[in-house]
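Line order of the protein sequences matches chains C, A, F and P. No gaps in the numbering here: position 83 of the first sequence is 83 in our numbering, and each next residue is one more. No gaps in the numbering here: position 166 of the second sequence is 1166 in our numbering, and each next residue is one more. No gaps in the numbering here: position 146 of the third sequence is 2146 in our numbering, and each next residue is one more. No gaps in the numbering here: position 167 of the fourth sequence is 3167 in our numbering, and each next residue is one more. From the three backbone atoms N, C-alpha and C, an ideal C-beta is built for every residue, glycine too. Please read all numbers here as calculations on a predicted model, not as lab measurements.
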Amino acid sequence: MTGGCDGPSVAAAIRAVAAAIAEQHVELTRLDREIGDGDHGENMNRGFKAVVAKLDADPGMTPGAILKLVAMTLMSTVGGASGPLYGTAFLRAATTVGDAGQLDAGAVGAALAAALGGVQARGKAVPGDKTIVDALVPAVEAAESARGNSVAEVLQAAAAAAQDAVATTIPLVARKGRASYLGERSAGHADPGATSTAVILRALAEAAKA
Amino acid sequence: MTGGCDGPSVAAAIRAVAAAIAEQHVELTRLDREIGDGDHGENMNRGFKAVVAKLDADPGMTPGAILKLVAMTLMSTVGGASGPLYGTAFLRAATTVGDAGQLDAGAVGAALAAALGGVQARGKAVPGDKTIVDALVPAVEAAESARGNSVAEVLQAAAAAAQDAVATTIPLVARKGRASYLGERSAGHADPGATSTAVILRALAEAAKA
Amino acid sequence: MKKIINDPGNVVSEALIGFAAAHRDLVRVNFGPDYIVRADAPVSGKVAVVSGGGSGHEPLHGGFVGAGMLDAAVPGPVFTSPTPDAVLAATQAADGGSGVLHIVKNYTGDVLNFETAAELADAEGINVSAVVINDDVAVEDSTYTAGRRGVGGTVPLEKITGAAAARGDDLAAVTAIAQRVIGSVRSMGVALTPCIVPHSGEPSFVLSDDEIEMGIGIHGEPGRHRIPMEPADTLVADLLAPVVEDLPFERGDRALLMVNGMGGTPLLELYLAFGIAAGLLEKQGIEVSRSLVGNYITSLEMQGMSVTLLRLDDELTQLWDAPVHTAALRWGM
Amino acid sequence: MKKIINDPGNVVSEALIGFAAAHRDLVRVNFGPDYIVRADAPVSGKVAVVSGGGSGHEPLHGGFVGAGMLDAAVPGPVFTSPTPDAVLAATQAADGGSGVLHIVKNYTGDVLNFETAAELADAEGINVSAVVINDDVAVEDSTYTAGRRGVGGTVPLEKITGAAAARGDDLAAVTAIAQRVIGSVRSMGVALTPCIVPHSGEPSFVLSDDEIEMGIGIHGEPGRHRIPMEPADTLVADLLAPVVEDLPFERGDRALLMVNGMGGTPLLELYLAFGIAAGLLEKQGIEVSRSLVGNYITSLEMQGMSVTLLRLDDELTQLWDAPVHTAALRWGM
Ligand SMILES: Nc1ncnc2c1ncn2[C@@H]1O[C@H](COP(=O)(O)OP(=O)(O)O)[C@@H](O)[C@H]1O
Ligand SMILES: Nc1ncnc2c1ncn2[C@@H]1O[C@H](COP(=O)(O)OP(=O)(O)O)[C@@H](O)[C@H]1O
Ligand SMILES: [Mg+2]
Ligand SMILES: [Mg+2]
Ligand SMILES: [Mg+2]
Ligand SMILES: [Mg+2]
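If you want it as structure tokens, here you go:
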């Protein structure tokens, strides 16, 4: 999958995301127990399990259709803050890629940017608020910088940037989401949502390399 | 106080009982936690503290009046099973000694027997039921055997017998009182009420010696 | 031990101050001796229903004082029955001239103190009758022992008896209704955790993280046996089977099913347990025609639950449905 | 972790089965998506009031569905807000043609999911209005943050708003009453122990035996600061002062005082705390004209409590007093 990705490879990448979330869900929940309510891993895992079940049901979808299915399924199974946020992210990504049969690196970068736009439109967070946005903004910027490279390279750059961003959320005092209720006590812990964003991007990047 | 006891010496003996109960109340409660509801020491301590407060108020009472005061005060402050039982015991003892100004050894023996009668009339327990009765029956018998000796010797005999009896309650399966709800699980622990009876008689005997 | 209290010795009286403040329209609270009576007591011409016992089981009994249920409640210290003088004072305050029924849970302390109070009331010319509730099937019944404990069945007993008194039954009739409830109600409970009596500061027993106590009473006493933690399906079945078998309840019976929390169990779990119990009863052909789910007779902060089943006929159903207005149980008014 | 559950993943749906069985006369429960509606929904011509949120706060919200309060409640997984499709389905089931008010507690998840549901309902031609309750004074308020949490104030909000809808107010008027309650209610809570979410199996935070968390929310989140355990007099004063100062409540105000248990605190302690709070308010010249004591908005088995104060005028008092018939709150009918 060095050129572009078709429906089946997008489906495989989403399955890889589901597997990564399943593997990390205990850690994501642990992070959320520190500064939230201890359900983020459980929420994401419930959502992506449902996504996989639906992918199984219909193998012949376009990339856009798959992203839309992911969006709707997350929206109706995750709940919490992350459900509508990731739901909107995938929905905007789906809209951006339209009904193309193949996604090239440019489309992937555009989809990522659209996803970020969706999260910000819905959640009103800005960088530094200790949220998903803190991982997505550098990811989108890195993808932008990697423009012209392969899908795998673009996603690789995004994933690496998101991963680095997770650590930058540690000292932040949360201003959005449940962690904001803790005030100063929210500092000193990585943000669960930023962490799950890094997990998702890493899994997508690995799948694109394969 | 080798011959008989007058009002002030009975009052002093009751104060000694209150002090002994205060000293042992944590242990009595611990015993009651094993096979009851963990309040026996607290109950008895509340009662005898109230008794002492009332003794302070009226120093010039006869032995019978003091025993009646103890009875009424225990009845209205102890609650639980032990309140009415000890209350009735002291009430019967008071009735038996009447308005005599002095109690001799015979009167003390008769008072003990009357106390036992009161506990049995009220509580319907027989020896072996793992109750106060298991300490009082041997105490009354020992007092009976010591008849003709001094008050101190009679009480000494009763106290020693009650003390010995406490250990005999350990293997018993309770058939009366709260411990009976435990069935077989009540075996293996000394009965709190039998123990408090031994504490009371020991304190009376020590006071009589002094 | 962390509790929202000041001096452990004052817990009951300080809680009564709050109870009085919260329910001024409903009750009057007397201090020293402590008792709670209906604000409009005595209700002239009505049989008065009075109960009481150790505190720590809230809302029982004080939360059931009011129109259609108890006329007075006598709270003792935590887990310790009240003294005869307090019961007498409450009896006098409640008596409307048609006699007083004492509802006594079968514990030696409660029985003896209420007995003495009844003798004293009798001497004062008050007509007192008493019933003793002993619905706990976890305890073996025998004439040689203290018999069974009074537990969850106390709640429907007080409701139905109060309704009989409210409709104008005389003392003998109210007593007969109470006896009928006692004859038709059975319960059993389980503890997941112990409770801590304030003045003692020590847990009533020690359970490891995978053990539970089956057949507990309501005073933090140890139960009949200790077993490994079970899933709710098994746990509820294990509680329900002896309850059903004891009376026995039979196919075609209608019943009130009460799933009661011991104080520290989330309502979510109680409803889950209720669903299981109702399903099991349905399979046995026993119709759950009335239900009650919540914390009604508790053991301080203990985690656990009890199941109570009361066989209903038309009259008992009517009396259960009759209007009631108390702090903890209210409908129809 | 010992809980009366089967599979941690099925806790909410199994509890709903029990809730449906226990309250057949009162509610209908839909499974997949999960929601609870009044048995007689939709009530034609009446504004419908719908709320929801994560489970684990029982009796909130399902226990408040019925005449005079909520038309529907949407329970999410434990401590996780429900999804838009579930909220939409409940909204549709409740809508009697006069529009629907969403009562949303101020958590990002709840706000976003209800927002999406409202957009979807709007697309279906249902007139939806929403209010967001944010009464927790433990959280600093700022336009740059998510703002304050919705906690105890949700209970009187749902009661009073439901009463406004029941008396026939239109959607704008019901919304205005709800906003008035939100503007007049403040709360603060304390935890003595954490709670354990079933699927996680771990305590939400760890406290030593002499520490408490001040300023907690209702999801087992850590609070604003940790302090040594205090006697009840000090603890209640520490909770009440920021609540009174924030609005601020003033001499001569009349108020509803709610002392709410977090799930694992004995009623005895809640009444004790109520007495202290009522006494403190009296000293400040604030009249406690209405009161509510008990477990109404909980965090599973957490030990602790919250204090909620709502300023009342004649209209809000009338709406509070209006008849209500739900599983957890009932009077006048
Ligand atoms: N307004 C927001 N914008 C972006 N991300 C947010 C926002 N609010 C919360 N989040 C993210 O959601 C994560 C928590 O998700 P989750 O635990 O699933 O939901 P909840 O907080 O409702 O329990 C946080 O770690 C944070 O990254
Ligand atoms: N029927 C009875 N006859 C004699 N003693 C009894 C009887 N029932 C209980 N007791 C005694 O009472 C003791 C318990 O007293 P206490 O703990 O104060 O009351 P409660 O059991 O009501 O908590 C038991 O240890 C037992 O010795
Ligand atoms: Mg969370
Ligand atoms: Mg005891
Ligand atoms: Mg006791
Ligand atoms: Mg959550």
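**Asked** If you run the structure through DSSP and keep just helix, strand and coil, what is Tyr2144 (chain F)?
**Response** Three-state DSSP puts Tyr2144 (chain F) in coil, outside helix and strand.
**Prompt:** Using a C-beta cutoff of 8 Å, does Pro84 (chain C) count as contacting chain P?
**Reply:** Interface residue, yes.
**Distance between Gly2264 (chain F) and Gly3304 (chain P) (C-alpha atoms, nearest Å)** = One Cα belongs to Gly3304 (chain P), the other to Gly2264 (chain F), and the distance between them is close to 11 Å.
**Prompt:** So, is Gly3215 (chain P) buried or exposed, given that buried needs 16 or more other C-beta atoms within 10 angstroms?
**Reply:** Counting Cβ neighbours within 10 Å, Gly3215 (chain P) comes out buried, since at least 16 surround it.
**Prompt:** Distance, Cα to Cα, Val3047 (chain P) vs Gly3018 (chain P)?
**Reply:** Approximately 28 Å, taken between the alpha carbons.
**Request:** Compare the Cα-Cα distances from Gly3053 (chain P) to each of P:Asp3169, P:Val3111 and P:Glu3140 and report the closest residue.
**Result:** When each option's Cα is compared against that of Gly3053 (chain P), the closest is P:Val3111.
**Message:** Within a Cβ cutoff of 7 Å, which residues of the same chain sit near Pro2242 (chain F), ignoring the five residues on either side of it in sequence?
**Reply:** A distance below 7 Å between beta-carbons, with the five flanking residues on each side excluded, links Pro2242 (chain F) to the following residues of its chain, in chain order: Val2137 and Met2188.
**Asked** Closer than 7 Å: is that where the CB of Asp134 (chain C) sits relative to any heavy atom of ligand 3?
**Response** Because no heavy atom of ligand 3 lies under 7 Å away, the Cβ of Asp134 (chain C) does not count as near it: no.
**Request:** Check each residue's C-beta against every heavy atom of ligand 4 and list, in chain order, those closer than 5 Å.
**Result:** After applying the 5 Å Cβ criterion, the set is A:Asp1032, A:Gly1036, A:Asp1037, A:Asp1039 and A:His1040.
**Message:** Between which residues of its own chain and Val1017 (chain A) is the CB-CB distance below 7 Å, once the five residues before and five after are set aside?
**Reply:** If we look at Val1017 (chain A) and ignore the five residues flanking it on each side, its Cβ neighbours are Phe1048, Ile1200, Ala1203 and Leu1204.
**3-residue-minimum beta strand (DSSP E) runs that sit fully inside the segment 2281 to 2305 of chain F, ordered along the chain** = Those beta strand (DSSP E) runs which fall completely within the segment 2281 to 2305 of chain F and span 3+ residues are 2287 to 2294.
**Prompt:** Name the chain C residues that come within less than 7 Å of Arg3186 (chain P), Cβ to Cβ?
**Reply:** None at all; the shortest Cβ gap to chain C is about 15 Å.
**Enclosing alpha helix (DSSP H) for His3102 (chain P) [first to last residue]** = In this chain, His3102 (chain P) is not harboured by any alpha helix (DSSP H); it is covered by the beta strand (DSSP E) spanning Val3100 to Lys3105.
**Item:** Bridge partner(s) assigned by DSSP for Tyr3035 (chain P)
**Value:** Note: Tyr3035 (chain P) sits in a beta bridge opposite P:Asn3030.
**Item:** Distance between beta carbons of Asn1045 (chain A) and Ala1022 (chain A), contact taken as under 8 Å
**Value:** That belief holds up - the Cβ atoms of Ala1022 (chain A) and Asn1045 (chain A) are roughly 6 Å apart, short of 8 Å.
**Request:** Return yes when at least one heavy atom of ligand 3 lies under 7 Å from the C-beta of Gly80 (chain C), else no.
**Result:** Flag set: Cβ of Gly80 (chain C) near ligand 3.
**Prompt:** Do Ala286 (chain C) and Val140 (chain C) have their C-beta atoms within less than 8 Å of each other?
**Reply:** Here chain C covers residues 1 to 210 and nothing more, so residue 286 (chain C) does not appear.
**Prompt:** What residues from chain C crowd round Glu3202 (chain P), counting only those whose CB sits closer than 9 Å?
**Reply:** The contacting residues are Thr29, Arg30, Arg33 and Gly38.
**Asked** So what's Val26 (chain C) in DSSP terms, helix, strand or just coil?
**Response** Val26 (chain C) falls in the helix class under three-state DSSP.
**Request:** Output the distance between the C-alpha atoms of Arg3254 (chain P) and Leu3280 (chain P), rounded to the nearest integer angstrom.
**Result:** Here the alpha carbons of Leu3280 (chain P) and Arg3254 (chain P) stand approximately 14 Å from one another.
**Request:** Determine the burial state of Arg178 (chain C): buried for a count of at least 16 other Cβ atoms within 10 Å of its Cβ, exposed for fewer.
**Result:** Buried.
**Request:** Check the Cβ of Arg3149 (chain P) against every Cβ in chain C and list those closer than 9 Å, keeping chain order.
**Result:** Within 9 Å Cβ-Cβ: Arg178 and Tyr181.
**Message:** I'd like to know whether the C-beta of Thr2 (chain C) is nearer than 8 Å to at least one C-beta of chain P.
**Reply:** At Thr2 (chain C) the pLDDT is 46, less than 50, meaning the model places this residue with poor confidence; the figure from the coordinates comes in the next sentence. Closer than 8 Å: no.
**Asked** Enumerated in chain order, which unbroken segments of the beta strand (DSSP E) with a length of 3 residues or greater are wholly contained in the segment 2108 to 2194 of chain F?
**Response** If we require 3 residues or more, the beta strand (DSSP E) runs fully inside the segment 2108 to 2194 of chain F come out as 2128 to 2133 and 2185 to 2191.
**Message:** Counting only beta-carbon separations shorter than 8 Å, does Leu1069 (chain A) have a partner in chain F?
**Reply:** False, the Cβ-Cβ gap to chain F never drops below 8 Å.
**Distance cut-off 7 Å: Thr2108 (chain F) Cβ against heavy atoms of ligand 5** = Result no, Cβ not under 7 Å from ligand 5.
**Prompt:** DSSP state of Val140 (chain C), grouped into three classes?
**Reply:** Correct three-state label for Val140 (chain C): helix.
**Asked** So what's Arg202 (chain C) in DSSP terms, helix, strand or just coil?
**Response** Three-state DSSP puts Arg202 (chain C) in a helix.
**Prompt:** Per DSSP, Thr3326 (chain P) forms a beta bridge with which residues?
**Reply:** Bridge partners of Thr3326 (chain P): P:Gly3066.
**Request:** Report yes if the CB atom of Asp2135 (chain F) is closer than 8 Å to the CB atom of Val2185 (chain F), and no otherwise.
**Result:** Yes, these two residues count as a Cβ contact at 8 Å.
**Asked** Rounded to a whole number of angstroms, what is the C-alpha to C-alpha distance between Ser2291 (chain F) and Tyr3035 (chain P)?
**Response** Straight-line Cα distance between these residues: approximately 21 Å.
**Amino acids of chain P, ordered along the chain, whose beta-carbon sits closer than 7 Å to that of Ala2232 (chain F)** = In chain order: Ile3004, Ile3005 and Asn3006.
**Contact test: Pro2248 (chain F) Cβ vs ligand 7 heavy atom, cutoff 7 Å** = Absence of ligand 7 is noted for the structure shown, with ligand 1, ligand 2, ligand 3, ligand 4, ligand 5 and ligand 6 being the only ligands found.
**Prompt:** Residue ranges of each alpha helix (DSSP H) run of no fewer than 4 residues wholly in the segment 35 to 104 of chain C, ordered along the chain?
**Reply:** For the segment 35 to 104 of chain C, whole alpha helix (DSSP H) runs of length 4 or above, ordered along the chain, are 40 to 57, 63 to 77 and 82 to 97.
**Euclidean distance between Cα positions of Ser3081 (chain P) and His1040 (chain A)** = Ser3081 (chain P) and His1040 (chain A): Cα-Cα distance of roughly 49 Å.
**Message:** In the DSSP output, which residue or residues are listed as bridge partners for Ala3072 (chain P)?
**Reply:** Residue pairing by DSSP puts Ala3072 (chain P) in a beta bridge opposite P:Val3037 and P:Val3050.
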